[in-house]
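Numbering (the numbering used here), first residue to last: 2 to 376. Every residue gets a Cβ at the ideal spot worked out from N, C-alpha and C, and that includes glycine. Below: one structure, written as structure tokens.
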Amino acid sequence: MKIRHSLVAAAAAASLALTACAAPEKEKADDDGGAGGVAAAKATSVADFGTFDDLVKAAQAEGELNVIALPEDWANYGEIIEEFSEKYGIKVNSAQPDASSQEEINAADQLKGTKRAPDVFDLGQAVALANTAKFAPYKVQTWDDVPDAFKASDGLWINDYGGYMSIGYDSSVVPDVTSVKDLLKPEFKGKVALNGDPTQAGAAFSGVVMASLANGGSADDIKPGVDFFADLKKAGNFLPLDPTPATIESGQTPVVIDWDYNNAAIADEVDTWKTVVVPEAAVAGYYFQAINADAPHPAAARLWQEFLYSDEGQNLYLEGGARPVRADAMVESGTIDAEDWAALPQVSGEPVVVTDEQTAKLGEYLAANWAKAIR
């Protein structure tokens, strides 16, 4: 639940309503493994390997997969990594789990040409769309299940899971929250944490957007949200501490502004934890999945994508409280986990999805004004 991903993904609101360190010394990476007459690094679908079994064999021959910025408690990535590794007998090396999206890209640049470079990315919108030249096109077998609004037509990226911005809180410590403005009350003094720096992290960015919507702003105007956090700071309610499951369970951060799937997961450990998506500010967003064009394990990277977009992988996201991008198709086919689907936090109000252009504009305002507002 640490800082993670740079900026919220743009997606179709109707669908959601339904549903690095210093660079080390260089090491030469392994050559691409060939399969079906096509080098793994150039494969754009399973057909280029011949069959799915051929892809599995190519990935197993590589033996490893490098992932980055995937906290175990974020969208159930801990279990996803474990299941993938056990299913295919591939070692997963998970680096910098609490990194932001930009730090993922930085690591790819620093480690390029080594065996330790990231094989795959899981990114927020702004960073993803600014770095498509670093991605390798690939279309998973379930590609057609994903609406066009959630994928690049050339296969360079595809959305994986989404959610709504929310307020999570320990109901044994603070009163029930029904609106963003409740957080200004004296009962919340020194208790409200935002998951990250909104100039770098998607969850924090969307948290400020949520505050803006609740205070007369819009997807084109984030100033009211920045002003709200300035007021929260002046009232002594804003807690400049990045929340984690440990800080929540210890009581250090009893109120957390974060994605609903992160906040909802806390209820498994804290019985009195509640999650609310405030109706006047329902901010929705998806994250972007992509393959590193310079992946040291190109076959394993493609097998990872196949796993994430299989029914099994999508239901594992759902188990973590995230809304899988193939949800509509899975509901129709009866392959979605009905119990987990029904357990998602209730959402009312018209969802707001920030577009690419709006994200850029709001990001510029945050870069110029956020630090001054909360210092």
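Assuming residue i contacts residue j (C-beta within less than 8 Å), just tell me the rounded distance between them.
i      : j      : result
VAL128 : GLN97  : At roughly 14 Å, the Cβ-Cβ gap does not stay under 8 Å, so VAL128 and GLN97 are not in contact.
LEU367 : ILE168 : Between ILE168 and LEU367 the Cβ distance is about 20 Å, and since that is not below 8 Å, they are no contact.
VAL209 : GLY226 : 4 Å
ASP161 : LEU309 : 6 Å
ASP427 : ALA204 : Past the edges of the chain, shown from 2 to 376, lies residue 427, and the structure says nothing about it.
GLU63  : ALA330 : Actually they do not touch by this definition, with Cβ atoms about 30 Å apart.
VAL175 : ALA212 : Their Cβ separation, rounded to whole angstroms, is 17 Å, which puts VAL175 and ALA212 out of contact at 8 Å.
SER1   : GLY286 : Because the chain is modelled from 2 through 376, residue 1 falls outside the range shown and cannot be assessed.
PHE50  : ALA44  : 6 Å
GLU307 : GLN142 : 6 Å
ASP99  : TYR165 : Between TYR165 and ASP99 the Cβ distance is about 22 Å, and since that is not below 8 Å, they are no contact.
Are the Cβ atoms of residue i and residue j separated by less than 8 Å?
i      : j      : result
ASP171 : VAL271 : yes
VAL284 : VAL178 : no
ALA215 : VAL257 : no
GLU1   : LEU319 : As displayed, the chain neither begins before 2 nor continues past 376, which places residue 1 out of reach and without an answer.
LEU66  : TRP305 : yes
ALA266 : GLY321 : yes
ASN263 : TRP144 : no
GLN126 : PHE230 : no
VAL68  : SER101 : no
VAL355 : ALA220 : yes
ALA70  : ASP123 : yes
TYR89  : ALA60  : yes
GLY239 : ILE375 : Inspection of the sequence shows that residue 239 is occupied by Phe rather than by Gly. Cβ distance < 8 Å, so PHE239 and ILE375 count as in contact.
ALA108 : PRO119 : yes
ALA291 : GLY163 : no
PHE151 : VAL326 : yes
ASP149 : LEU185 : no
GLU281 : GLY350 : yes
TRP82  : VAL93  : Residue identity check: residue 82 is Ile in the sequence provided, not Trp. Their beta carbons are under 8 Å apart, which means ILE82 touches VAL93 by this criterion.
LEU157 : THR133 : yes
PRO241 : THR254 : no
The alpha helix (DSSP H) that contains residue i, what's its start and end?
i      : result
GLU80  : 78-89
TRP342 : 339-343
ASP228 : 224-235
ASN94  : From DSSP, ASN94 is part of no alpha helix (DSSP H) but of the beta strand (DSSP E) over 92-96.
What three-state label does DSSP hand residue i in the structure shown?
i      : result
GLU333 : helix
ILE258 : strand
THR20  : Model confidence at THR20 stands at a pLDDT of 37, short of 50, so the residue's coordinates are unreliable and nothing is read from them.
VAL68  : strand
TRP371 : helix
VAL305 : Residue identity check: residue 305 is Trp in the sequence provided, not Val. Looking at TRP305 - three-state DSSP - the assignment turns out to be helix.
GLN61  : helix
LEU242 : coil
GLY169 : strand
VAL128 : helix
TRP144 : helix
ALA323 : coil
ASP177 : coil
TYR310 : coil
VAL193 : strand
VAL210 : helix
GLY34  : Caution is warranted here: a pLDDT of 49 is assigned to GLY34, below 50, making its placement in the model unreliable, and no coordinate value can be reported.
SER102 : helix
LYS186 : coil
SER154 : coil
VAL354 : coil
ALA266 : helix
ALA204 : helix
ASN216 : coil
TYR139 : coil
ALA296 : coil
ALA40  : strand
GLY364 : helix
ASP198 : coil
ASN161 : The sequence shown places Asp at residue 161, not Asn. ASP161: strand per DSSP, three-state reduction.
VAL271 : coil
ASP54  : helix
THR133 : helix
LEU112 : coil
ALA49  : It should be pointed out that residue 49 corresponds to Asp in this sequence rather than to Ala. ASP49 falls in the helix class under three-state DSSP.
The beta strand (DSSP E) that contains residue i, what's its start and end?
i      : result
SER251 : Note, SER251: premise wrong, no beta strand (DSSP E); alpha helix (DSSP H) at 246-251.
GLN347 : Where GLN347 is concerned, there is no enclosing beta strand (DSSP E), given that its DSSP letter is neither H nor E.
LEU124 : 121-124
HIS118 : The residue you asked about is not His; residue 118 is Ala in the sequence shown. It is not in any beta strand (DSSP E) - ALA118 carries neither H nor E in the DSSP assignment.
PHE289 : 285-293
TRP75  : From DSSP, TRP75 is part of no beta strand (DSSP E); its letter is neither H nor E.
THR276 : 274-277
Checklist entry - On the three-pair Cβ rule with 8 Å, is the stretch 295-311 touching the stretch 127-144? => result yes
Next on the checklist: I'd like to know if the stretch 309-316 and the stretch 189-209 are in contact, where contact means that at least 3 CB-CB pairs between them fall below 8 Å.
Outcome noted: no
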